[in-house]
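Chains as they are written, first to last, in this note's numbering: chain P, 52 to 284; chain L, 2 to 318.
Beta carbons are placed, not taken as given, at the ideal position from N, Cα and C, and that holds for glycine.
Accompanying notes for the structure given below.
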Amino acid sequence: MLKKIKNLNFYELLEISPTATKQEIHKAYERIRRVYEPNSIALYSLFTQEEIAAIHQRIEEAYRTLVYEDNRKRYDAVLRDRNCLDKDNPPASPHLKSQPRFVQAAFSLPSENRYLDKPEPTLQLSQQQTASKPPQEKNTPVSNLVTEFTGPTIKILREQRGLTIRNIADTTKISSRYLEYIETENFKKLPALTYLRGFLTNYAKALGCEPERMVGDYMKRYDAALPKKTDSN
Amino acid sequence: MIIDTTPQDALQKKEIWAIGGGKGGIGKSLITGNIGIHLAHLKKKVLLVDADLGGANLHTTLGIGVPDVTLSDFLNRRIENIQDVIIKTAIPNLSLISGAQDFLDSANPNFAHKTQLLRHLETLEADYILMDLGAGTSLNILDFFLFSDYGILVVLPEPTAIENAYRFIKSAFYRRFKRVVTNQGIKDMIDAAMDQKNSMGIRTPYDLIERVKQMEKEVGEILELEMMQFKPKLIVNQVRTKNDIQIGFAMKSACQKYFGFDLEYLGYVEYDDCVWQSIRSKRPLAVEYPYSRSSRCIERIVNNLLRKEQLLFNMLY
Numbered sequence: 052m053l054k055k056i057k058n059l060n061f062y063e064l065l066e067i068s069p070t071a072t073k074q075e076i077h078k079a080y081e082r083i084r085r086v087y088e089p090n091s092i093a094l095y096s097l098f099t100q101e102e103i104a105a106i107h108q109r110i111e112e113a114y115r116t117l118v119y120e121d122n123r124k125r126y127d128a129v130l131r132d133r134n135c136l137d138k139d140n141p142p143a144s145p146h147l148k149s150q151p152r153f154v155q156a157a158f159s160l161p162s163e164n165r166y167l168d169k170p171e172p173t174l175q176l177s178q179q180q181t182a183s184k185p186p187q188e189k190n191t192p193v194s195n196l197v198t199e200f201t202g203p204t205i206k207i208l209r210e211q212r213g214l215t216i217r218n219i220a221d222t223t224k225i226s227s228r229y230l231e232y233i234e235t236e237n238f239k240k241l242p243a244l245t246y247l248r249g250f251l252t253n254y255a256k257a258l259g260c261e262p263e264r265m266v267g268d269y270m271k272r273y274d275a276a277l278p279k280k281t282d283s284n
Numbered sequence: 002m003i004i005d006t007t008p009q010d011a012l013q014k015k016e017i018w019a020i021g022g023g024k025g026g027i028g029k030s031l032i033t034g035n036i037g038i039h040l041a042h043l044k045k046k047v048l049l050v051d052a053d054l055g056g057a058n059l060h061t062t063l064g065i066g067v068p069d070v071t072l073s074d075f076l077n078r079r080i081e082n083i084q085d086v087i088i089k090t091a092i093p094n095l096s097l098i099s100g101a102q103d104f105l106d107s108a109n110p111n112f113a114h115k116t117q118l119l120r121h122l123e124t125l126e127a128d129y130i131l132m133d134l135g136a137g138t139s140l141n142i143l144d145f146f147l148f149s150d151y152g153i154l155v156v157l158p159e160p161t162a163i164e165n166a167y168r169f170i171k172s173a174f175y176r177r178f179k180r181v182v183t184n185q186g187i188k189d190m191i192d193a194a195m196d197q198k199n200s201m202g203i204r205t206p207y208d209l210i211e212r213v214k215q216m217e218k219e220v221g222e223i224l225e226l227e228m229m230q231f232k233p234k235l236i237v238n239q240v241r242t243k244n245d246i247q248i249g250f251a252m253k254s255a256c257q258k259y260f261g262f263d264l265e266y267l268g269y270v271e272y273d274d275c276v277w278q279s280i281r282s283k284r285p286l287a288v289e290y291p292y293s294r295s296s297r298c299i300e301r302i303v304n305n306l307l308r309k310e311q312l313l314f315n316m317l318y
């Protein structure tokens, strides 16, 4: 039977199996989150912006539940509970109706019918558990608050956008080695000034920051660290 | 070679692949032609059929001039035997039925005509029959897509192409639904559901099935089964970055969650200047630039097709 997105259990939503390791959950979350980004063109014309926002929220909820051992155990217990109820007796409460089935990840071979038609109950997380959010959750825009672009700030800006060095390397075509040197301010290993300026400009564009400001700030730190080095041009 | 091949034998070994995608100019003909060439190189007997009845140009991607005999000669009964419209190409094992060169009338064969054409195709001696479909979501194109053993969708990493691809998918299985259903009331409802802004509040195929179930539970269940058996394949053409490659996986996930069927991601073709150079020189890519990145990508797609495999997310990293 088919199942609406809002009725998928957290494992189905993240396209992982209920036995997934923490690392698999994290990877799946990163992947799925990017699929259901507000501007994802793969969803174009299929979902409205509100629907995408709702899915996104559920993905966050799923991740927050599954990535913490305690929350996950509680959630698994709820799923298992319903599983048993379904097998042995008729369901006791309207909340415990559906039976979770094992899901295969979407990128594995065609899966069996994994659709259910009953809604999943949402977990009531305790105050203390909800408080322990992963660091990715703090999405406060700092770009305006940044006073100076240093290697570490650039790194923070990148992480806030949920991008890895690899993502940046893909879009800017800058070697990930140099991107790392930029972030760690390993000035001696960085290429000649002309190239470095170009790299920083592209990196700034990829992050959506002002290139002039980022290049200016970074070059000041570079000059301060290596005062005698002159541009070969 | 084999003289006494009965139609049954031929049916068993033959596979018909249809390549479509909704939008024009996304490389359907190019990909069809080059998949054909790669298969022919693997010593498979391949027949390419240009089913783009309004704007045929598969022959051009193969470097063949305007052909004397085309599919329209067969459809208009100017030629009785379909064998006689097959053109041999310079590549061993590869032959072609070119598309219609004339105007409106032949671009709209009726249902009986189409089934007749497909029945004839099935009697031909070939391992693989590749049908190059036209742009749009006209009934002809949808029927050829649904008749085939495997339907392959081509998209570009662009919103326009993706929008048309989803439109194509929707139209294709609503058409399939309508063929399964006999009840006129349900047929009308499927028609109405095609209109995205319908008054019944049916937005997704899920809504439609729910509604049908309320009317006739069994029919709803049949539709549900149909939906899950629908397994189109996907090729992303003209990829420039890794993010473009990811679009295939994203579409796969979206299809699973929105439509409830499995879209198999066959592979991608990299954006490559060799492609337009080969088209300008009117020589097939796989012949002119066999070692180009784009040609390699198509080779990989052919391998996936033959092994019935698909691209996996963890293959990329």
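Taking a Cβ-Cβ cut-off of 7 angstroms, the neighbours of residue 252 of chain L in chain P comprise 93, given in sequence order. Not a single CB atom of chain P sits nearer than 8 angstroms to the CB of residue 302 of chain L. Contact annotation: residue 153 of chain L and residue 234 of chain L have beta-carbon atoms nearer than 8 angstroms. Rounded to whole angstroms, the separation of the alpha carbons of residue 137 of chain L and residue 46 of chain L is 29 angstroms. In terms of beta-carbon proximity, residue 55 of chain P lines the interface with chain L, with at least one pair separated by less than 8 angstroms.
Counting C-beta atoms within 10 angstroms of its own C-beta, residue 257 of chain L has 16 or more neighbours from the protein chains shown and is therefore classed as buried. Using a Cβ-Cβ cut-off of 8 angstroms, residue 233 of chain L is close to nothing in chain P; its nearest Cβ partner there is about 12 angstroms away. Beta bridge pairing from DSSP links residue 47 of chain L with L:95, L:129. Rounded to the nearest whole angstrom, the CA to CA distance from residue 127 of chain L to residue 48 of chain L is 6 angstroms. The alpha-carbon of residue 88 of chain P is positioned some 19 angstroms away from that of residue 162 of chain L. According to the DSSP assignment, residue 235 of chain L belongs to no alpha helix (DSSP H) but to the beta strand (DSSP E) extending over 234 to 240. Beta bridge pairing from DSSP links residue 277 of chain L with no other residue. Secondary structure at residue 57 of chain P: helix, using DSSP grouped into helix, strand and coil. With a threshold of 8 angstroms between beta carbons, residue 222 of chain P makes contact with chain L. Residues of chain L with a Cβ closer than 8 angstroms to the Cβ of residue 96 of chain P are, in chain order, 160, 163, 164, 167, 168. Not a single C-beta of chain L is nearer than 8 angstroms to the C-beta of residue 75 of chain P. The C-beta of residue 66 of chain P comes closer than 8 angstroms to at least one C-beta of chain L.
Residues of chain P with a Cβ closer than 8 angstroms to the Cβ of residue 248 of chain L are, in chain order, 92, 93.
Contact between residue 217 of chain P and residue 227 of chain P holds, with the beta-carbon distance rounding to 6 angstroms and staying under 8 angstroms. If you compare the alpha carbons of L:33, L:25, L:217 with that of residue 183 of chain L, the shortest gap goes to L:217. Closer than 8 angstroms to the CB of residue 110 of chain P there is not a single CB belonging to chain L.
In this structure, residue 93 of chain P places its C-beta atom within 8 angstroms of the C-beta atom of residue 248 of chain L. For residue 67 of chain P, no alpha helix (DSSP H) segment is defined, and its DSSP state is neither H nor E.
A contact between stretches requires three or more CB pairs, one per stretch, nearer than 8 angstroms, and the segment 229 to 243 of chain P meets this requirement with the segment 268 to 278 of chain P. Distances from the alpha-carbon of residue 82 of chain P to those of L:283, L:113, L:250 put L:250 closest.
The C-beta of residue 86 of chain P comes closer than 8 angstroms to at least one C-beta of chain L.
At a cut-off of 8 angstroms, the C-beta of residue 83 of chain P has a neighbouring C-beta in chain L. Contact annotation: residue 97 of chain L and residue 130 of chain L have beta-carbon atoms that are not nearer than 8 angstroms. Closest option to residue 208 of chain P, judged by alpha-carbon separation, among P:247, P:254, P:63, P:229: P:254. In this structure, the CA atom of residue 236 of chain L is about 34 angstroms from the CA atom of residue 118 of chain P. One Cα belongs to residue 212 of chain L, the other to residue 132 of chain L, and the distance between them is close to 35 angstroms. For the set L:51, L:120, L:94, the Cα lying nearest the Cα of residue 82 of chain L is the one of L:120. With a cutoff of 8 angstroms on beta-carbon distance, residue 257 of chain P and residue 235 of chain P are scored as not near each other.
Shown here, residue 34 of chain L sits in a helix according to DSSP, grouped into three states. DSSP places residue 80 of chain L in the coil class of the three-state scheme, outside both helix and strand. Annotation for residue 270 of chain L: the continuous beta strand (DSSP E) segment containing it runs 265 to 271.
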